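Notes follow the structure.
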Amino acid sequence: MTESFSLRDVTFQNRVFTASGTFGYGDEVVDLVDVDRIGAVITKSLSLKPRDGNPPPRIVETPAGMLNSIGLANIGVKKFIDEKIPKLEHIGATILANIAASSVDEYCAVMDMLDSFEIIRGYEINVSCPNDRDGGLQFGPDPAKVAQITRQLRKRTAKPLIIKLTPNVTRVSEFALAAEAEGADAVSLINTLIGMAVDIHTRKPKLSTVTGGLSGPAIKPVALAKVYETFKAVKIPIIGIGGVSTWEDAIEFFLAGATAVQTGTANFVSPACAVNIAEGIAAYCKSKKIRDVAELVACWTHPPTSRWCKAGSESYCAMM
Ligand code: SIN
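Going left to right, the sequence shown walks through residues 1029 to 1348 as the numbering used here numbers them.
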């Protein structure tokens, strides 16, 4: 049974990644989980300079979810190179670097600093942080900006380039189309939904920034709908994010059109959940006599096209 899939020359051993901002830089979790069994570990967003992020409180638990307004706190790309890359080279994980920036030049500068390191197998570009006007969402709601960023970054790297999109727009598929047209290898969605929680005792918002980004099981139905909308629009793979906590959730995302998924909020509950979900997917496929997880991708929609008929899944195409 085939669990792997490829973007460019990088083959991911399975289709479950850990989402940026929920798994540190990858090295912090090695005592908790076999990171070499995760499809890919995506680093915390990296910016050119270190960032302190927003003042606390910047995390709030909500029914079936979590609100965050971290504000892209990170150690900066130089410290990441000096202190984290030497550790990541020894943990056996497939690492994708997530980049956040306040200008196109900054995105390019961060990528230029990272691109020669072999351990960085590809990139996820954060154009969708809801918590910092300078660090993402100023780009996310403008397809022309997303296109410009993708175009400039595509020129700079031959590694897989994934653009992470916001759901806080009317049609996420327009943004996916812009990224696809400029050479993105995949899009990931959804980043968090803008939300708010209020403390009735203090009579004030619970987050210092008033609003933040909602994640977790609460947003899964929204994420599935956005993935399906995007699946109908683009040909590049979609990496589904939003409340993936179990293998059943992952299968739902595949059926909605995702090629792979990311676990986010669930990592805080169970750091090994990505590994457990990958195992659950494999067991499900075996029990259903599915030879390649790719066969599940939106399999209920249209007659299969070349997108389903990758090596290893010809049997499925023959069945239809
Ligand atoms: C944050 O750092 O505020 C969250 C990152 C994101 O949602 O992209």
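Yeah, the Cβ is synthetic: ideal placement off N, Cα and C, and Gly gets one too. Nothing here was measured: the structure is a model prediction, and the numbers come from that model.
Residue(s) in a DSSP beta bridge with E1307: For the purposes of this step, residue 1307 is identified with residue 279 of the sequence shown, where counting begins at 1. According to DSSP, which records beta bridges pairwise, E1307 is partnered with nothing at all.
Could you check whether the Cβ of L1076 sits closer than 7 Å to any heavy atom belonging to ligand 1? Along the sequence shown, read from residue 1 onward, the residue named residue 1076 stands at position 48. Incorrect: L1076 has no Cβ contact closer than 7 Å to ligand 1.
Taking DSSP's pairing of strands, which residues face R1036 in a bridge? Position 8 of the sequence shown, counted from the start, is the residue given in the question as residue 1036. Per DSSP, none; premise fails for R1036.
Should T1239 be listed as close to ligand 1, given that the test is whether its C-beta is under 7 Å from any heavy atom? Taking the sequence shown and counting its residues from 1, the one referred to as residue 1239 is at position 211. No, Cβ of T1239 sits at least 7 Å from all heavy atoms of ligand 1.
Just verifying my parser: in three-state terms, what is the DSSP assignment at L1181? Residue numbering aside, residue 1181 sits at position 153 when the sequence shown is read from its first letter. Look at L1181 here: in three-state DSSP terms it is helix.
So the alpha helix (DSSP H) T1258 belongs to, where does it begin and stop? Against the sequence shown, residue 1258 aligns to sequence position 230. Residues K1248 to A1261.
Is it buried or exposed for L1060, if we count other Cβ within 10 angstroms and need 16 for buried? Within the sequence shown, residue 1060 is the residue found at index 32, counting from 1. That one is exposed.
Could you tell me how far apart the beta carbons of R1086 and L1235 are, in whole angstroms, since I believe they sit closer than 8 Å? Numbered from its first residue, the sequence shown carries residue 1086 at position 58. Numbered from its first residue, the sequence shown carries residue 1235 at position 207. Contact flag correct, Cβ pair sits at about 6 Å.
Using beta-carbon positions only, say whether L1221 and G1241 come within less than 8 Å of one another. Stepping through the sequence shown from its first residue, residue 1221 is reached at position 193. Stepping through the sequence shown from its first residue, residue 1241 is reached at position 213. Taking 8 Å as the cut-off, the Cβ atoms of L1221 and G1241 count as close.
Give a yes or no on whether the C-beta atoms belonging to L1217 and V1255 are separated by under 8 Å. Within the sequence shown, numbered from 1, the residue matching residue 1217 stands at position 189. Within the sequence shown, numbered from 1, the residue matching residue 1255 stands at position 227. The answer is yes: Cβ separation under 8 Å.
Do the segment 1063-1080 and the segment 1103-1112 touch if we need at least three Cβ pairs shorter than 8 Å? Because the criterion of three Cβ pairs below 8 Å is met, the segment 1063-1080 and the segment 1103-1112 touch.
Excluding the 5 residues preceding and the 5 following V1132 in the sequence, name in chain order all residues of the same chain whose CB lies nearer than 7 Å to its CB. If you number the sequence shown from 1, residue 1132 lands on position 104. Here V1132 has Q1176, I1177 and Q1180 as same chain residues with Cβ atoms under 7 Å from its own Cβ, once five neighbours each way along the sequence are excluded.
Go through its chain and collect everything with a Cβ distance to K1112's Cβ below 7 Å, but skip five positions before and after it. The count along the sequence shown starts at 1 and reaches residue 1112 at position 84. Excluding the 5 residues flanking it on each side, K1112 has same chain C-beta neighbours closer than 7 Å at Y1053 and D1055, in chain order.
In angstroms with no decimal places, state the Cα-to-Cα distance between G1223 and D1140. As a position in the sequence shown, residue 1223 is number 195, starting the count at 1. As a position in the sequence shown, residue 1140 is number 112, starting the count at 1. When the Cα atoms are used, G1223 and D1140 turn out to be separated by approximately 34 Å.
For E1152, which residues of its own chain have a beta-carbon under 7 Å away from its beta-carbon, when the five flanking residues on both sides are left out? By one-based count along the sequence shown, residue 1152 stands at place 124. Only S1048, I1070, L1124, N1126, I1190, K1192 and S1216 meet the Cβ criterion.
Helix, strand or coil, according to DSSP, for S1298 in the structure here? Taking the sequence shown and counting its residues from 1, one reaches residue 1298 at position 270. DSSP places S1298 in coil when its eight states are reduced to three.
Considering only their Cβ atoms, is the gap separating P1299 from V1250 smaller than 8 Å? Within the sequence shown, the letter at position 222 stands for residue 1250. Within the sequence shown, the letter at position 271 stands for residue 1299. No, the pair does not count as a contact, with Cβ atoms beyond the cut-off.
Classify M1347: buried if its beta carbon has 16 or more other beta carbons within 10 angstroms, exposed otherwise. Counting from 1 along the sequence shown, the entry for residue 1347 is found at position 319. In this prediction, M1347 has a pLDDT of 35, which is less than 50 and means its spatial position is unreliable; nothing more can be read from the coordinates.
A1253 vs V1272 beta-carbon contact at 8 Å: If you number the sequence shown from 1, residue 1253 lands on position 225. If you number the sequence shown from 1, residue 1272 lands on position 244. Taking 8 Å as the Cβ cut-off, A1253 and V1272 do not qualify as a contacting pair.
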